[in-house]
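One structure is given here, and the rest of the page talks about it.
2 protein chains.
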Amino acid sequence: MREVAALAGVSLKTVSRVVNEVPTVAPDLVAKVHAAMDRLGFRPNLAASNLRRADGRTHTIGLLVEDVSNPFSAAVHRAVEDYAAQHGVLVLSSSLDEDPERERRMVRTLIARRVDGLIIVPASQDQRYLVAEQEAGTAVVFVDRLPVPLIGDAVVTDNRAASAAGVAHLIAAGHTRIAYLGDTDSLMTARDRFAGYCDALRAAGREIDPARVVHGLRATKAADQAVAALLDRPNPPTALFTSQNLVTIGAVEALHRKGLHHQVALVGFDDFPLAAYLDPGVTVLAQHPAQVGRLAAQLVFGRMAGDAAPAAAHVIPSQLIPRGSGEIPGPAVRG
Amino acid sequence: MREVAALAGVSLKTVSRVVNEVPTVAPDLVAKVHAAMDRLGFRPNLAASNLRRADGRTHTIGLLVEDVSNPFSAAVHRAVEDYAAQHGVLVLSSSLDEDPERERRMVRTLIARRVDGLIIVPASQDQRYLVAEQEAGTAVVFVDRLPVPLIGDAVVTDNRAASAAGVAHLIAAGHTRIAYLGDTDSLMTARDRFAGYCDALRAAGREIDPARVVHGLRATKAADQAVAALLDRPNPPTALFTSQNLVTIGAVEALHRKGLHHQVALVGFDDFPLAAYLDPGVTVLAQHPAQVGRLAAQLVFGRMAGDAAPAAAHVIPSQLIPRGSGEIPGPAVRG
DNA sequence: CTGAAAGCGCTTACAG
DNA sequence: CTGAAAGCGCTTACAG
Chain A
18 MREVAALAGV SLKTVSRVVN EVPTVAPDLV AKVHAAMDRL GFRPNLAASN LRRADGRTHT
78 IGLLVEDVSN PFSAAVHRAV EDYAAQHGVL VLSSSLDEDP ERERRMVRTL IARRVDGLII
138 VPASQDQRYL VAEQEAGTAV VFVDRLPVPL IGDAVVTDNR AASAAGVAHL IAAGHTRIAY
198 LGDTDSLMTA RDRFAGYCDA LRAAGREIDP ARVVHGLRAT KAADQAVAAL LDRPNPPTAL
258 FTSQNLVTIG AVEALHRKGL HHQVALVGFD DFPLAAYLDP GVTVLAQHPA QVGRLAAQLV
318 FGRMAGDAAP AAAHVIPSQL IPRGSGEIPG PAVRG
Chain B
18 MREVAALAGV SLKTVSRVVN EVPTVAPDLV AKVHAAMDRL GFRPNLAASN LRRADGRTHT
78 IGLLVEDVSN PFSAAVHRAV EDYAAQHGVL VLSSSLDEDP ERERRMVRTL IARRVDGLII
138 VPASQDQRYL VAEQEAGTAV VFVDRLPVPL IGDAVVTDNR AASAAGVAHL IAAGHTRIAY
198 LGDTDSLMTA RDRFAGYCDA LRAAGREIDP ARVVHGLRAT KAADQAVAAL LDRPNPPTAL
258 FTSQNLVTIG AVEALHRKGL HHQVALVGFD DFPLAAYLDP GVTVLAQHPA QVGRLAAQLV
318 FGRMAGDAAP AAAHVIPSQL IPRGSGEIPG PAVRG
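Protein chains in written order, with the working numbering: chain A, 18 to 352; chain B, 18 to 352.
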């Protein structure tokens, strides 16, 4: 910028005014400055301008998700990006892979880069370490899981109620032996979904059979193997309830391989692309990741703008989409 | 940092040394500085340190893709993120939605933020505007499409050859009326895939019937409608070749709705999740987005490290995965 | 091993 | 409408 000023024969401050499009600069000076900028290939340095700027904003927010390549995370990401872009803000994202240590490290890294706000799908069990960051002025919004304790706004799905509805749907179809296949129960969402499963069984006067409950499934392959193992046992389940999309896909694979996809019913939490075109279509509890992402972005921008209302949890309802797999009748109906 | 120095009773420079973990600081001073940092909630400001730092690195790279929520882009993104994370670098990403104007704007924005490197799935037809940025020291690598002219390294798929192989596969199955359904032919990849389609037909001594060629399909819905329209005509195609995953999915939807999914063959470019579990499984030409992303990251980091070899195009071969839809026999075989 | 001065590229606050 | 000085938070280059 100094070089531009020298070449254009004006002061540093005038170049700054031209770059920031301050309207009160004489047109001939503007022209000279532009000519000098072009000749020198001048690129303004945003970091330098932020350093001195009064508001101190970097026009960057951080987004920490489970995995940017997972469809749920990716849809949230896109919604956040769109909202941010409308406000001239860029998104610095990172995948946490459910690693609490990584969550802390990435938060520290993003804070060092002075992001204006942070949207986090928390991987750790305790978010108190974030209070200091919030007090230092960083807006923080949580997605998919409530922070412990509730130290900031959160946008979550009605995991427990929706799961109960999904399992009730299987019970209504006549199923008595309904297995639960879920993610690590250290995840609050997985616990809530399992709680919903239990709620529905109890409401129907059934007991929870531990032999038909599998926790700790993360990847498609593990889910596939767990389902296959369940089906190989005496008295196999006639219906499956899966707690997230990778587990659901694993279950679909196992059912197909065993040729049981038209015999064993399946309801999964989380929608996924093409679920409608599988054979049979997969009945799911669909979340609304785009809506979740947009609301999270709205909230974080509101906080950045000074909103000081008490932190609140916003629940976005899921929707049961019947597509065939959840409507396969069970023994109580088949007789 | 000044406050920390004052509280700890040391110089600014000593605090700087502690923050940067310079080993030659007396242990008691280190302890004092740490105590002061904790008490004041000190957070180092990376932007400020970069401003003065000799290498001028921001440890940030920019990634411009078509859409972060599209599975191909998301998989590339994840691979880039992983490679970058190993080198302590974060990724600033943005979706371009195939908008050339947006490509330029985002490049300008990222340059103003002094990203160390840039990975771009170009949306525009001419990347010459990037030469100035490269000369100013920003490493640029192109993904999925060659830049015009070839001003930087690129990682692309063998679109033409793979498409020809896919269409040849349909011909071998006995199909004579093979339709092409593709993206805007202003996209180089779409043009190449169409060229591959033509290559295969000509190699088999067939003519290209313009009535069975549809360009300009971007979204699932448009593809669905285009396929439905083709199937409603007299002498409908007995096989479809689709140029990208959204078009393929639209074709699947149309075939299902018309109940022709076991009659009309389909080969699609781009794999997508669950393609194997559709009814029938969808035969595709699978790209390797994770491999593409990793290589792009490797190349951009190589350039950042000073690699000055001439720009080269790296071709990653696609793979034909037969899953059923592409093996439905055509009239020449059915007799 | 520690520190005082200068400066990274820009904006602020002020004066003219 | 334009500019000279000071300063954002840090590191460099140097001296002790």
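The C-beta atom is built at its ideal place from N, Cα and C for all residues, glycine as well.
Backbone CA spacing between residue i and residue j [nearest angstrom]
| i | j | result |
| --- | --- | --- |
| H51 (chain A) | K49 (chain B) | 50 Å |
| L218 (chain B) | P227 (chain B) | 13 Å |
| Q304 (chain B) | V124 (chain B) | 26 Å |
| E150 (chain A) | A313 (chain A) | 18 Å |
| R59 (chain B) | S33 (chain B) | According to the sequence displayed, residue 59 (chain B) carries Phe and not Arg. Going by the C-alpha atoms only, they are around 12 Å apart. |
| A328 (chain B) | Q280 (chain B) | 47 Å |
| V35 (chain B) | T41 (chain B) | 9 Å |
| T237 (chain B) | I338 (chain A) | 20 Å |
| P88 (chain B) | S86 (chain A) | 7 Å |
| D216 (chain B) | L107 (chain B) | 42 Å |
| P290 (chain B) | A71 (chain A) | 48 Å |
| P334 (chain A) | G341 (chain A) | 22 Å |
| L379 (chain B) | H273 (chain A) | Coverage of chain B is limited to positions 18 through 352, which leaves residue 379 (chain B) absent and any answer about it impossible. |
| A330 (chain A) | A330 (chain B) | 50 Å |
| G183 (chain A) | A181 (chain B) | 46 Å |
| P251 (chain A) | G267 (chain B) | 42 Å |
| Y146 (chain B) | I168 (chain B) | 10 Å |
| L127 (chain A) | L80 (chain A) | 9 Å |
| V39 (chain B) | R74 (chain B) | 19 Å |
| H94 (chain A) | L263 (chain A) | 19 Å |
| R131 (chain A) | N62 (chain B) | 7 Å |
Residue i, buried or exposed, once every other Cβ within 10 Å from all chains shown has been counted against 16
| i | result |
| --- | --- |
| Q336 (chain A) | exposed |
| A171 (chain B) | buried |
| Q103 (chain A) | exposed |
| N37 (chain A) | exposed |
| P353 (chain B) | Residue 353 (chain B) lies beyond the residue range present for chain B, which begins at 18 and ends at 352; the question has no answer from this structure. |
| A240 (chain B) | buried |
| D133 (chain B) | buried |
| V350 (chain A) | exposed |
| G105 (chain A) | exposed |
| T206 (chain A) | buried |
| P348 (chain A) | exposed |
Test: residue i CB closer than 8 Å to a CB of chain B
| i | result |
| --- | --- |
| A149 (chain A) | yes |
| P61 (chain A) | yes |
| A245 (chain A) | no |
| L291 (chain A) | yes |
| H305 (chain A) | no |
| L81 (chain A) | no |
| I333 (chain A) | no |
| H104 (chain A) | no |
| D84 (chain A) | yes |
| S111 (chain A) | yes |
| V32 (chain A) | no |
| R130 (chain A) | yes |
| H51 (chain A) | no |
| R229 (chain A) | no |
| N67 (chain A) | yes |
Residue-level contact to chain A via CB, residue i, 8 Å cutoff
| i | result |
| --- | --- |
| Y146 (chain B) | no |
| D296 (chain B) | yes |
| G134 (chain B) | no |
| L107 (chain B) | yes |
| I266 (chain B) | yes |
| H279 (chain B) | no |
| T259 (chain B) | no |
| V269 (chain B) | yes |
| R95 (chain B) | yes |
Output the residue ranges of the alpha helix (DSSP H) runs that lie fully inside the segment 291 to 346 of chain B and measure 4 residues or longer, sorted by chain position.
306 to 321
Give a yes or no on contact between the segment 53 to 69 of chain B and the segment 18 to 34 of chain B, applying the rule of three or more CB pairs nearer than 8 Å.
yes
Entirely within the segment 70 to 119 of chain B and at least 3 residues each: give me those beta strand (DSSP E) ranges in chain order.
77 to 82 and 107 to 112
Give a yes or no on contact between the segment 308 to 323 of chain B and the segment 187 to 206 of chain B, applying the rule of three or more CB pairs nearer than 8 Å.
no
At a cut of 8 Å, does the segment 107 to 118 of chain A reach the segment 137 to 145 of chain A through at least three beta carbon pairs?
yes
Can you find at least 3 beta carbon pairs, one from the segment 158 to 174 of chain A and one from the segment 222 to 241 of chain A, that sit closer than 8 Å?
Counting C-beta pairs with one atom in each stretch, the segment 158 to 174 of chain A and the segment 222 to 241 of chain A have fewer than three that are closer than 8 Å, which means they do not touch.
Would you say the segment 180 to 196 of chain B touches the segment 253 to 262 of chain B, given that touching needs at least three Cβ pairs under 8 Å?
yes
Inside the segment 119 to 194 of chain A only - alpha helix (DSSP H) runs reaching at least 4 residues:
148 to 152 and 176 to 189
Alpha helix (DSSP H) segments (min. 4 residues) lying fully within the segment 223 to 300 of chain B
237 to 249 and 262 to 275
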